[in-house]
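Residue numbers (my numbering), protein chains in the order written: chain G, 106 to 247; chain U, 158 to 301. Ideal placement from N, C-alpha and C gives every residue a C-beta, glycine not left out. Bear in mind that the values here come from a model prediction, so they are computed numbers and not experimental data. Report on one structure; see the data block that follows.
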Amino acid sequence: MYIIILGAGTIGTSIAEILIKNQHEVAVIDSNEEKCKLIDNKLGSISVLGNISLPNSLLNAGISRADLFISTTKNDAKNMLSCQLAKDYFKVQYTVSITHSKEISRLLDTINVNYTININEHITNELIAKIKMLGFNINVSN
Amino acid sequence: MSQINMMAKISIIGCGNSGGLIAVSFANIGYQIDIIDINYKKFKTLPENLISEGYLNPIVADATKIENLKKVMDPESNICIILSGNDSNNALISQIVKNELNIPKVICELNEEITSELYLSLGFIVINKNDLFKKNILDLFERD
C-alpha cells in the first residue's frame, strides 16, 4: 500500500517507521526542512517538503495514487483541510487523523474522515487508568 | 449583484485588511456587523463612531475553537464571511459555521486553486484573491 503521512513530528515519524518495516511504501510531508532531513536520515528518502496550505505538496507526494492518508500535525485546521483534500479532491480511499478536541473529532466525523483519534482524550484516559492501577478510586462518569 | 436584505445579520471572522475593510463598508451603509478576531489589537483600526453607534460589534475570540465560536456567534446570523488570512483556518471555520452553527450563507476566502475548487463543490461561496487579481490584470490587458 502507498501511505502518505502529514507531519514529520514524533507521531508521524513513529508511524512511518512501523509502516516501512511492514513493507508499505511511505511518504511524509512536513513544512520544516530540518524535520524532513531528520526523517530522511533515519528512514531513507521519504520526505516531501511542503506546507499543507499549498495543496501542491500533496501532488508532489503522489497523492493521486495513495491508498491511505494520515494527518498527524499539531494544528487541527491543517489536519482537517488535508484530510478533506485527500478524500474529496484526490479521492484517496482512506483517511485517518489525530485531533486535539472532541468537537473537532465530531466535525471530522461529519466530513467522513474514516477514523479520528483525539489524542488529548486518549492521554487523559490512559493517565486515569494508570492512576486507578495505583489504587485510587476514580469514577470517570462524574 | 443580488440585493442583500438590509435586515441581514452579517458576521465577519478576521479583522485584518480585508475583514476590517468589509466590516466598515457594510457598517457605513447601515448594516449591523459582528466582527470576530483572536487579537483585540486588530480592532484599533475600526472607526470609534461605528462601534459606539452599534453598527460594529467587535468580539475577541479564537474562531477555530468550536465552543468559543458557539458562545460568541449570533445564531441569527444569515451570512458569515471568513477572512482569517490563512486557508486552513478559513476552511476549518467554514466547516464549523456550516455544520455546527447552521449559518445559511458562508463566504470564505481561500487562495489556493485546488482548495477553492473543492470548497466551491462543497457548496461554499469562495473568494480567491489570487484569482480576482489575475482576472483584473487580464481585463486591463484586454482593454488595451
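Per DSSP, what are the beta-bridge partners of THR221/G in this structure? SER202/G
Using a Cβ-Cβ cutoff of less than 7 Å, which residues in the same chain neighbour ALA145/U once the five nearest sequence positions on both sides are dropped? The first residue shown for chain U is 158 and the last is 301, placing residue 145/U beyond what the model contains.
Can you check whether the CB of SER158/G is closer than 8 Å to the CB of GLU266/U? no
For GLU208/G versus GLU224/U, is the C-beta spacing smaller than 8 Å? yes
C-alpha gap between PRO232/U and ARG300/U, whole angstroms: 45 Å
Considering only the beta carbon of each residue, do LEU124/G and SER187/G sit closer than 8 Å? no
Measure from the C-beta of ASN131/U to each C-beta in chain G and report whether the shortest distance is under 8 Å. Only positions 158 to 301 of chain U appear in this structure, which leaves residue 131/U out of reach.
Cut-off 8 Å between Cβ atoms - residues of its own chain near ALA165/U, not counting five sequence neighbours on either side: TYR188, ASN235 and ILE236
Is it the case that the segment 191 to 211 of chain G contacts the segment 125 to 137 of chain G, given that we only count it when at least three CB pairs across the two stretches are under 8 Å? no
LYS201/U versus ASP194/U: straight-line alpha-carbon distance, rounded: 12 Å
Quick one: which chain U residues come within Cβ less than 7 Å of LYS196/G? Result: empty, since nearest Cβ-Cβ is about 11 Å, beyond 7 Å.
C-alpha distance - LEU203/U paired with ASN156/G, whole-angstrom precision: 33 Å
Within the 8 Å Cβ cut-off, does THR215/G reach chain U? yes
State yes or no: is the beta carbon of GLU208/G nearer than 8 Å to at least one beta carbon in chain U? yes
Jot down the residue ranges of each uninterrupted beta strand (DSSP E) in the segment 165 to 200 of chain U, minimum 3 residues, whole runs only, in chain order. 167 to 170 and 190 to 194
Using only CA atoms, which one of VAL245/G, ASN225/G, LEU148/G and LEU213/G lies nearest to LYS192/G? LEU213/G
In terms of residue numbering, what span does the alpha helix (DSSP H) encompassing TYR276/U cover? 270 to 278
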